[in-house]
Structures are given as C-alpha cells and as structure tokens.
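What follows is one structure encoded as structure tokens, with my remarks underneath.
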Amino acid sequence: MTFAPFVLATALSMAGVLPIGKPAPESNIKMKNALDGKSISIADVTGKAGTLVIFTCDHCPFARGWEGRIVELGNAYVKKGIGVILINANDPAEHQEDGVAGMQARAKGANMQIPYVVDETSNVARAFGATVTPEVFLFDRHGKLAYHGTVDDNLKQPDQVQKHYLKDALDAVVAGKPPALPETKSLGCGIKYRPSS
Amino acid sequence: MLGAMINGWLALATTALATVSPAAPAGPPTAGAPAPTLAELPEILTAVRSPGARAVLVNVWATWCDPCRQEMPELIRFYRDHREDGLRLVLVSADDEENRAQVAQVLAEAGLPADTLSFIKRGDDMKFIDGLDRHWSGALPASFLFDGRGRKRRTWLGPVTYHSLELGAGRLLTAPVTPAPQPGRRRP
C-alpha cells in the first residue's frame, strides 16, 4: 500500500479570521436587506458607540437557538448607539431556508428591528474570515474589532446562562472600554459559502 | 502484535461505553453501531490517548448537519479499510443529549462498525474546541488526527473525503507503534 505525502494544509483555517484591533473589511459592499429590500453596507449602519456585525442564518440549530437573544440584544443596543447588522452568507442552494423568503419569515417571527442582509457572494464573510453561524464581530467607536466570538455559554437554556459574553462586550464598548474577554467560541454550523467567482 | 492491538482497543471501546458516563441511560438497540455515550473533553481525550493505536481519528459531527452526514460514508469506508492498520475512530456528536436515539440511528444506518467509539459531547464549548485545536472556530464538521501517543498531527476543518484522509493519515498508519512513555520515568 502506498500513500501520498503527508499534507499539512487545511481546507479552511482560523488563521484567516479578522484579528482584534482591525477595522471591518469590505464595509462598503451593499447588501440587500431581506426586511425591506433596500441595499445597505456595514458602513451605512456604523454606530457612534460601536458596530455589531453578526453572521447568522436560518437553517442552523445553533443560529436558531441564539436567534431570540441576538435580536433582543440588537434591538436594545441600537438604542444605545450601537449600529447592528445581521448577515446571512450561506448559499441557499445548500439550504432553502437560507433564501430571502426564509429570512423574511424568521425576521418577522423574531420581531427583528435591525437589518438582516444577504451576502450575495459570501465575500463579506470571506473577508472577515467568518466560518461559523452564529459568529459575532463587535467593533468599538473607533471602528476597531473589540470582540469576536459567540453570544453566551448556554445555547439551550437561556435562563441558565452563566457568561453573557456578547452583552458584557456590548456594555464595555458602549462605556468606551475594551471587553474583558475579547474572544470566545462555541460550536456552530459551518458557513456554506457560495462558490467563488 | 496487530491482533493484540485490535483486541486491546476493542476492550477499550467496551470499557469506554460502559464507564465513561455511568449516569447515561442505555441507548436504543442498533444494528451493530455503538450506542453513543455522554462525555466531556477529558473522557474523550482519554479514549484518544489510550494505547494500542497507530492513529486516532476524531470526527465532530451532528445529526442535523448535512455536510457531516455526507462525509460519514467516507469516514466509515476509510476506517473499515484501515482499522487493521491500527486506526481508531472516535465520533463525537454535538447533538443534544435527548437526541441519543437519533444519533444511534444515523450511525446504524451509515453502517458504523460496533468497535467505533461514539460520544455525545457535554460540557463547556470553549474548553472542548480549544482542547481539540485552538485554531478551530467550532464550525461543524471537523476532524482531528492524533498519533499513537496522543499528539495531534492534523486538523480538517470542513468535510473530509476518503482521499483527504488517506493523504493525512497514511504515514501514521504505516509507522511502527511507539510505546507511550511510562509516567515518572525519564526518557533516555
């Protein structure tokens, strides 16, 4: 039996994820808001206190599980000067629920008052190095990435959350301080990128 | 030696299934596939580091994850072709505990051999993710290759194929088994 040489490269690598302290890439790309059909960019929603960018989707049990908390935090912190945008970079050819109709249905059901846009090429997600849904990127008032990671430490039982990672980071950014825990992780669904053009 | 190796880790599989999570209820009967056991990272790493394998392939998956289910036949075919070369397969499901029956059913339908170690992950996500690979974002599926001494040698982020597994694991499976150092003894 013969084998080809040991290959060290990986198909995807977290080495490509946006580092803490960096500005949002591709922030001027216009993306269609599933709620009203208008095209907006990350730059368009930039808040005075900071900007929250979350890659999420509709088919993923993890994204669905945190959806209520994401919308609740987004709706609340817009009022505190945080610009918020949710981005769906999944290829709907992989999951029909991730198409615009599915996004509209979930947004209405969740009382979403923040933009939920389609990354039509998945290139915004690629530029961020986002690989999982949901994946949070929170930028401070100077436009620098202050927090990257997940929402909290308990997907299934919101009433038993011990560590409110995103809420704590939002409070810090609103107060003009760096989050105590700038990077966190959770299991999630791999982003189904559209084919590269 | 090969027979002893296989017998050794068949015993490990039996022991793990019986003892890793004593509180776990018995899984549903399946056609040869192992009932998944509830386990946190230390118990999973114990299964990885137990002696007797040339290479240990850990795959993290979930029943609702389409790419995970799509890669499962490739994983199983690779395992069937190489378990006599010293490959151990450890499957870790990210499903909820109450989905144990569904996990077992998916594995049974995929034809998973009974000597595979099958777990449902419990405990803190960050510790689990960083304990397997600190460069892993937590996206499913993901696979990790360890050598016979429990050292991680390779990570696949995203679905694997038979060919990619062969490229990654081939050298380990043809290498001689090196005994793990004894605790408290210095290497010469």
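Quick mapping for you: the protein sequence lines, in order, are chains A and B.
Sequential numbering from 8 applies to the first sequence in our numbering.
Sequential numbering from 7 applies to the second sequence in our numbering.
Every residue gets a Cβ at the ideal spot worked out from N, C-alpha and C, and that includes glycine.
Treat the numbers as computed from the prediction; the structure is a model and nothing was measured.
Within the region 65-98 of chain A, contact with chain B at the beta-carbon level (separation under 8 Å) is assigned to P68. Three or more Cβ pairs drawn from the region 62-73 of chain B and the region 89-104 of chain B lie within less than 8 Å of each other, which places the two stretches in contact. Distance from the CA atom of N82/A to the CA atom of M119/A, rounded to whole angstroms, is 7 Å. Per the Cβ contact rule, the region 100-110 of chain A is not in contact with the region 176-184 of chain A (fewer than 3 Cβ pairs under 8 Å). Around the beta carbon of D65/A, a 10 Å sphere encloses 16 or more other beta carbons of the protein chains shown; the residue is thus reported as buried. Rounded to whole angstroms, the separation of the alpha carbons of L118/B and Q111/B is 10 Å. Rounded to the nearest whole angstrom, the CA to CA distance from K184/A to W142/B is 28 Å.
Using a Cβ-Cβ cut-off of 9 Å, V180/A does not count as an interface residue toward chain B, since no Cβ of chain B sits closer than that to its own.
Residues of the same chain with a CB within less than 8 Å of the CB of C196/A, apart from the 5 flanking positions on each side, are C64, H66, C67, P68, F69, A70, V139, T140 in chain order. Using a CB distance below 9 Å, the part of the region 137-165 of chain A facing chain B consists of A137, T138, V139, T140, E142, G156, T157, D160, L162, K163, ordered along the chain. Within the region 188-203 of chain A, contact with chain B at the beta-carbon level (separation under 9 Å) is assigned to T191, K192, S193, L194, G195, C196, G197, I198, K199. Cβ-Cβ distances below 8 Å link A41/A to N95, V107, M110, Q111, A114, Y123, V124, V125 in the same chain, with the five nearest sequence neighbours on each side left out; the list follows chain order.
Bounds of the beta strand (DSSP E) holding G195/A are 195-197. In the displayed model, N161/A falls within coil according to three-state DSSP, outside both helix and strand. What W70/B touches in chain A, judged by beta-carbon distance under 7 Å, is P68, going in chain order. Contact of V24/A with chain B is assigned, a C-beta pair being separated by under 9 Å. Contact between E46/B and P165/B fails: their C-beta atoms lie close to 25 Å from each other, not under 8 Å. Between the alpha carbons of P79/B and H149/A lies a distance of about 49 Å.
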